[in-house]
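First up is the structure itself, then whatever we jot down about it.
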Amino acid sequence: MTRNTLPPWQALEAHAAQLASRHLRDLFAADGAGRFDAMSVQALDLLYDYSRQRVTRETLGLLQSLAQACELPARIAALFAGDAVNNTEGRAAMHMALRNRSDRPMQAGGQDVMPEVRAQLAKMREFVTGVHQGRILGYTGARFTDVVNIGIGGSDLGIVMATEALARFRNKGIRLHCVSNVDGVELADALEKINPATTLFVICSKTFTTQETLANANAAREWLLGELGEKAIGHHFVAVSTNHQALDAFGIAPESRFTMWDWVGGRYSLWSTVGLSIALSLGMDPFELVLAGGHEMDEHFRTAPLERNLPVLMGLLGVWNIDFLGLDSLAVLPYDRRLHRFPAYLQQLEMESNGKSVTRDGTPVGYKTGNVVWGEPGNNAQHSFFQLLHQGTARVALDFIAPVNGSSRFLAHQDLALANCFAQSEAFAFGQTAEQVRNDLQAKGAPVAEIERLVPHKVHAGDRPSSLILVPRLGPRAVGKLIAWYEHKVFVQSVIWDVNPFDQWGVELGKKLATSMTEPVRTGLAPDGPAHLQKLLAQVQRWRGD
Ligand code: F6P
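Numbering (our numbering), first residue to last: -4 to 541.
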């Protein structure tokens, strides 16, 4: 049965229509002081305040009924049981095993994967501590001072995000450079800053077939070869991949290989050996604390009742905003600069996972699925795009994220950050009425005509829904919890929409075309290509000739 024919879905549609005329001000007035308690959850040292969402208790009840009608509890159980939830590729999605801190076995493909997971973690620890303690050295006998991670998408974004978020834990002796883009800019910039004798390259690619990564890895290999000679390669390159044949071809020795598995999706892989560069940058202990935070969230997701379950609530509220209130964009606004790459990380997580328009059995969905995710550190965003969010015609759902204690040594600055965060969420919810604008201007002694001229410009309609995530401090555990929270939120939404969040066929066509386009771009020749392409290629040739 398609989701929008389920009785709770239809009840939610009717309910949304009834609620349309009620402003968030009315909802707060109706609920009084009890609204915050009814619409916030504190768990795992996280506070989730969703009282500023455009919901009533009835909305929440109906969303819970929808979750039950979509058999969410059974689907969560299937995820954790290692069933082939990635049905188009016939695989489990068992990233939770990577951060399993308990003694419980975890199955994927009918097999307990924990022994392999633990073995790779032990290998990572051995390697990372070896590098940090100067036991593992470069070809010339020098200590490593720089690590260059070469990877893209899930083999880059989590590494950048987590090492930025946890910058205060960085090992002072190691500088991390991340090279992802195929245009060569990041690689060239990194090579300018590093000394070949003290640089370790980590080639990170689940498939080891990704064009961007291979182009950058080959160029880095050539560079090192030119600087230190062939024999140095084995000392300066390690790799993370499932593709051992390709690693043979690249010349990565078995002891320099870190394995991952096909039951780990790229965008869910920072917990795996993909986290090697995170551990090289921060140390193995902080990395394992990130895993511990992720595991805490897994346990919460698996066991907490749906009404108090953080990922379930966040997922359902997202569905409400997207499918029933028509908000198909989510801005993620951290009030800590250290989280500045978190929105980019979530873009891949959410948009690659739930950017689907057919159900798991291939039927067109007939309702909206994944939304556009974007964002910037909130305080900077206030001075750029918040105008549109406050008074523009586009409607956007907002997630504010704020640590109570800041990440810098200027502790008092976090009071300002929090004040801004709270002030903005109030302004988005309650706005500013014409009457308030008038009173304000009158108090300042403005003439009546001037007041009336300005009122329409100064009114803030409010009624913009937002959630607030408050954490005590941005430590490794908190970062792990946050990431796993959003991961499971994505899963919850995929269950409601009945889509497979673990495949990404949509990126394949572009990749295939890029491969066939490489030679025409180089030569300017595509004899069988369409006229518009011939013209583009000719223009490239003309400007290349200049
Ligand atoms: O282009 C999409 C994608 O397939 C992502 O899903 C993945 O994270 C990224 O490419 C990189 O893939 P790999 O780790 O295999 O190089």
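Ideal Cβ positions, reconstructed from N, Cα and C, are used throughout, including at glycine.
As the structure is a prediction and not an experimental result, all values here were calculated from the model.
Within 10 angstroms of its Cβ, does Leu383 collect 16 or more other Cβ (buried), or is it exposed?
So Leu383 counts as exposed.
Segment limits, alpha helix (DSSP H) that includes Ala11
For Ala11, the enclosing alpha helix (DSSP H) has its first and last residue at 2 to 14.
Count Cβ pairs between the stretch 87 to 97 and the stretch 34 to 46 that sit closer than 8 Å; are there 3 or more?
Because the criterion of three Cβ pairs below 8 Å is not met, the stretch 87 to 97 and the stretch 34 to 46 do not touch.
Checking 7 Å against the spacing of the C-beta atoms, do Arg94 and His290 come in under that value?
Yes, the pair counts as a contact, with Cβ atoms nearer than the cut-off.
Inspect the beta-carbon positions of Phe282 and Gly270 and report whether they are closer than 7 Å.
For the pair Phe282 and Gly270, the CB atoms are nearer than the 7 Å cut-off.
Is the beta carbon of Pro372 sitting closer than 7 Å to the one on Leu469?
Going by C-beta atoms, Pro372 is not nearer than 7 Å to Leu469.
Are the beta-carbon atoms belonging to Val142 and Leu171 less than 7 Å from one another?
Going by C-beta atoms, Val142 is nearer than 7 Å to Leu171.
Among Asp184, Tyr134, Ala183, Val123, which residue has its Cα nearest to the Cα of Ile169?
Selected option, being the one with the closest Cα: Val123.
Grab me the residues of Asp257's own chain with a C-beta within less than 7 Å of its C-beta, minus the 5 sequence neighbours each way, in chain order.
Arg86, Thr237, listed in sequence order.
Should Pro3 and Leu57 be called a contact, given that it needs their Cβ atoms to be closer than 7 Å?
In terms of Cβ geometry, Pro3 and Leu57 form a close pair [threshold 7 Å].
Nearest-angstrom Cα separation, counted from Val314 out to Gly29:
One C-alpha to the other measures close to 24 Å.
Within this structure, are the beta carbons of Asp331 and Ser276 separated by less than 7 Å?
In this structure, Ser276 does not lie closer than 7 Å to Asp331 by Cβ.
Taking Cβ to Cβ, would you say Thr268 is nearer than 7 Å to Gln115?
Their beta carbons are under 7 Å apart, which means Thr268 touches Gln115 by this criterion.
If you reduce the DSSP assignment to three classes, tell me which class Thr428 lands in.
Under the three-state reduction of DSSP, Thr428 is assigned to coil, being neither helix nor strand.
In the structure shown, what three-state DSSP assignment does Asn366 receive?
In this structure, Asn366 counts as coil in the three-state DSSP scheme.
Pop quiz: Ile145 and Asn211 are said to be a contact at Cβ under 8 Å. What is the actual Cβ separation, rounded to whole angstroms?
With 8 Å as the limit, Ile145 and Asn211 qualify as a contact, their Cβ atoms being about 5 Å apart.
As assigned by DSSP and simplified to three states, the class of Arg459
In the displayed model, Arg459 falls within coil according to three-state DSSP, outside both helix and strand.
Mind pulling the alpha helix (DSSP H) runs of 4 or more residues that sit fully within the stretch 270 to 296?
Complete alpha helix (DSSP H) runs here, min 4: 271 to 277.
For the ligand F6P, any of its heavy atoms closer than 6 Å to the Cβ of Gly148?
Taken from the Cβ of Gly148, at least one heavy atom of the ligand F6P lies inside 6 Å.
Where Tyr330 sits in the DSSP three-state scheme:
Looking at Tyr330 - three-state DSSP - the assignment turns out to be coil, as it is neither helix nor strand.
Would you mind reading off the limits of the beta strand (DSSP E) that contains Asp394?
Under the DSSP assignment, Asp394 falls in the beta strand (DSSP E) whose first and last residues are 392 to 400.
In angstroms, rounded to a whole number, what distance separates the CA positions of Phe23 and Phe395?
Roughly 19 Å between the two C-alpha positions.
Can you find the residues in the same chain that come closer than 6 Å, C-beta to C-beta, to Gly519, ignoring five residues on each side of it along the sequence?
These residues qualify, in order along the chain: Leu532, Gln536.
Mind checking whether the beta-carbon of Gly261 lies closer than 6 Å to any heavy atom of the ligand F6P?
Shortest gap from the CB of Gly261 to any heavy atom of the ligand F6P: under 6 Å.
Would His455 and His385 be called neighbours here (beta carbons separated by less than 7 Å)?
Yes, the pair counts as a contact, with Cβ atoms nearer than the cut-off.
Let me make sure I understand the geometry here. Which of Phe75, Ser420, Pro451, Pro442 has the alpha-carbon closest to that of Glu430?
Closest by alpha carbon: Pro451.
Straight-line CA distance for Gly361 to Ala69?
If you draw a straight line from the Cα of Gly361 to the Cα of Ala69, it comes to about 24 Å.
Using a Cβ-based criterion (distance less than 6 Å to any ligand heavy atom), does Gln499 qualify as near the ligand F6P?
Taking the Cβ of Gln499 as the reference point, at least one heavy atom of the ligand F6P falls within a distance shorter than 6 Å.
With 16 other Cβ atoms within 10 Å as the buried cut-off, status of Ala215
With a 10 Å radius around the Cβ and a threshold of 16 neighbouring Cβ atoms, Ala215 comes out buried.
Mind the definition here: the stretch 491 to 510 touches the stretch 341 to 358 only if three or more C-beta pairs lie below 8 Å; say whether that holds.
Contact holds: three or more Cβ-Cβ distances are below 8 Å.
Give the secondary structure of Leu308 by DSSP, where H, G and I count as helix, E and B as strand, and everything else as coil.
Helix at Leu308.
Residue range of the unbroken alpha helix (DSSP H) whose run includes Phe75
Run containing Phe75: 67 to 76, per the alpha helix (DSSP H) assignment.
Tell me whether Val174 counts as near the ligand F6P, meaning its Cβ is closer than 6 Å to at least one heavy atom of that ligand.
It does not: the Cβ of Val174 is nowhere closer than 6 Å to a heavy atom of the ligand F6P.
Which same chain residues, not among the five before or five after Lys351, have their C-beta less than 6 Å away from its C-beta?
Correct list, in chain order: Thr364, Val494.
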